[in-house]
């Protein structure tokens, strides 16, 4: 990607010195134009080192966050996504809340055709929690895809 393309899309994080937020920071998310919006295709991100804090005890929780989406007009820029996910590090939220907040923030940011977010949290007290949330554009085949994938989710 040339600097001209990055500047045309208004991207600030990519190629810049990395500044980490001390707390939840959806404002760091950036998008760029999907140059293949006529195509349906999957984009998948894995964040195997996601951390957040238990809102009750303040103890750290660790997870792999998996994000898959079918882009619409805009796509999330990966470095800004990394900074966004890192911003949960000192943020206290339950596992289920983290997954839903991430999904809702990405929907608000880029209005994808379809998106799903899964959290594979490591055990605490002998129990693992794996929350899953998904969304398809209402009134489209992607809404049906969301229903199908949700029903088939294990």
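In our numbering, the protein residues as written are 1 to 154.
A virtual CB, placed ideally from N, CA and C, is assigned to each residue, including glycine.
Please read these numbers as outputs of a predicted model, since none were measured by experiment.
**Item:** Exposure of residue 48, with buried meaning 16 or more beta-carbon neighbours within 10 Å
**Value:** exposed
**Message:** So, for residue 116: in the same chain, excluding its five sequence neighbours on each side, which residues have a beta-carbon less than 6 Å away from its beta-carbon?
**Reply:** 68 and 134
**Item:** Coil, strand or helix - residue 25 by DSSP
**Value:** coil
**Prompt:** When the distance is taken between beta carbons, is residue 73 closer than 8 Å to residue 111?
**Reply:** yes
**Prompt:** Out of curiosity, what's the CA-to-CA distance linking residue 99 and residue 37?
**Reply:** 26 Å
**Prompt:** How would you call residue 141, buried or exposed, if buried means at least 16 neighbouring beta carbons within 10 angstroms?
**Reply:** exposed
**Prompt:** Which class does residue 86 belong to by DSSP, given the choice of helix, strand or coil?
**Reply:** helix
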